[in-house]
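Q:
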Amino acid sequence: MVRSGGKLVLLEHVRPPGLLGPIFDGLNLLTVPLMADHFNRRPVELARAAGLEVVSVRPSARGIINLIECRV
Numbered sequence: 578m579v580r581s582g583g584k585l586v587l588l589e590h591v592r593p594p595g596l597l598g599p600i601f602d603g604l605n606l607l608t609v610p611l612m613a614d615h616f617n618r619r620p621v622e623l624a625r626a627a628g629l630e631v632v633s634v635r636p637s638a639r640g641i642i643n644l645i646e647c648r649v
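Per our numbering, the sequence shown runs over residues 578 to 649.
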């Protein structure tokens, strides 16, 4: 549990920008039924929809992995 005003840090693989994005969409067709893993999720939008304040997003690995810092 995170207290109000606390920090929540997420390390997520995400749908990357550019040409890799559609490739991840295609991979998602296999990974969801086989491993229940979504390769094309957009966790920044999901965090905001959950009521978190997104403080920073640091992409790495060509945008495939994001370190997302949120405030509760």
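We put the CB at the ideal spot given by N, CA and C, even for glycine.
Suppose you measure from the CA of Phe616 to the CA of Ala624; what does that come to, to the nearest Å?
A: Looking up residue 616 in the sequence shown gives position 39. Looking up residue 624 in the sequence shown gives position 47. Roughly 17 Å separates the two Cα atoms.
Q: Look up Arg648 in the DSSP assignment and say whether it is helix, strand or coil.
A: Along the sequence shown, read from residue 1 onward, the residue named residue 648 stands at position 71. Arg648 falls in the strand class under three-state DSSP.
Q: Would Pro620 and Glu646 qualify as a contact pair, given that the criterion is a beta-carbon distance under 8 Å?
A: Here residue 620 refers to the residue found at position 43 when the sequence shown is read from its first residue. Here residue 646 refers to the residue found at position 69 when the sequence shown is read from its first residue. No, the pair does not count as a contact, with Cβ atoms beyond the cut-off.
Q: In the DSSP assignment, the alpha helix (DSSP H) including Pro620 goes from what residue to what residue?
A: On the sequence shown, residue 620 is found 43 positions in, with the first residue counted as 1. 620-626 is the extent of the alpha helix (DSSP H) around Pro620.
Q: Does DSSP put Ile641 in a helix, a strand or coil?
A: Within the sequence shown, numbered from 1, the residue matching residue 641 stands at position 64. Ile641: coil per DSSP, three-state reduction.
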